[in-house]
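Read in order, the letters of the sequence shown are residues 6 to 138 in my numbering. Here is the structure we will look at, set down as C-alpha cells.
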Amino acid sequence: MNKTLIGALLGTALLVTGGASVVQAAPKAAKAARTDCFFNQQVRNFSAGKDDKTLYVRAGRDTYRMETLGRCLDLRDSLNIGLDSHPSSSICSAQDVTIIVHSNGMGVQRCPVRELVKLTPEQVAALPKGERP
6 MNKTLIGALL GTALLVTGGA SVVQAAPKAA KAARTDCFFN QQVRNFSAGK DDKTLYVRAG
66 RDTYRMETLG RCLDLRDSLN IGLDSHPSSS ICSAQDVTII VHSNGMGVQR CPVRELVKLT
126 PEQVAALPKG ERP
C-alpha cells in the first residue's frame, strides 16, 4: 500500500510540475507577439487611409497602423482625433486603445481597434504621400 501511495504522489508531482512549465511557456509566446508600446502623449501626428478603417499614428520616431473593427465615419476628414487608452495611457495592443472621432451629425464616435502594428521604416516610405503621418 505504501508503494501505491508513493506512486500516486510522484504522479501528482509530475502533473503539477508539468503543468507549471506549460503555464510559464505561454507568457513568452505572448510577449513575442506584442508590438512595442507607446503613450498617448507621444503621438505627434496622424493620417487616415482611404477606407475609413485605417489610421496611421506617429508616436515619437515610430509609426503605427491601427485597423478598426469596421468603418469609422469621418475618420479621413477629421482634423482631430482622440485615442482612449484603457486601462492606462500605455498602448501596447489593439485591445488597449479606442479611436475617438467627432463625426458631423453623429457626435462623438468610438471606433474599436482590431489590429495595431508598428511599421518598419521601409513600410512607412512605401505609404502613399497623403497617408504618411
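We treat Cβ as the ideally placed atom computed from N, Cα and C, and that holds for glycine. Since the structure is predicted, the reported quantities are computational estimates derived from the model, not experimental observations.
What's the call for residue i, buried or exposed, on a 16-neighbour Cβ count within 10 Å?
| i | result |
| --- | --- |
| serine 83 | buried |
| methionine 172 | Residue numbering for the chain in the displayed model covers 6 to 138; residue 172 lies beyond these limits and cannot be assessed. |
| valine 122 | exposed |
| arginine 70 | buried |
| threonine 73 | buried |
In chain order, what residues of the same chain lie with their CB nearer than 6 Å to the CB of residue i, ignoring the 5 residues before and after it?
| i | result |
| --- | --- |
| asparagine 49 | The sequence as given places arginine at residue 49; asparagine does not occur at that position. The residues are Arg63. |
| alanine 53 | Leu60, Leu80, Arg81 |
Just to confirm before moving on: does the CB-CB distance between residue i and residue j stay below 9 Å?
| i | j | result |
| --- | --- | --- |
| valine 118 | valine 129 | no |
| lysine 55 | glutamate 136 | yes |
| histidine 153 | glutamine 114 | Residue 153 lies beyond the residue range present for the chain, which begins at 6 and ends at 138; the question has no answer from this structure. |
Considering only residues of the same chain and omitting the five flanking positions on each side of residue i, which have a CB-CB separation below 8 Å?
| i | result |
| --- | --- |
| leucine 88 | Asn45, Val48, Val62, Ile96, Val102, Thr103, Ile104, Ile105 |
To which residues of the same chain is residue i closer than 7 Å at the C-beta, ignoring the five residues directly before and after it?
| i | result |
| --- | --- |
| arginine 76 | Asp57, Lys58 |
| proline 138 | Asn50, Phe51, Ser52, Tyr61, Val62, Arg63, Thr68 |
| asparagine 109 | Asp79 |
What is the residue span of the alpha helix (DSSP H) that residue i lies within?
| i | result |
| --- | --- |
| glutamine 128 | 126–131 |
At which residues does the beta strand (DSSP E) containing residue i begin and terminate?
| i | result |
| --- | --- |
| leucine 60 | 59–64 |
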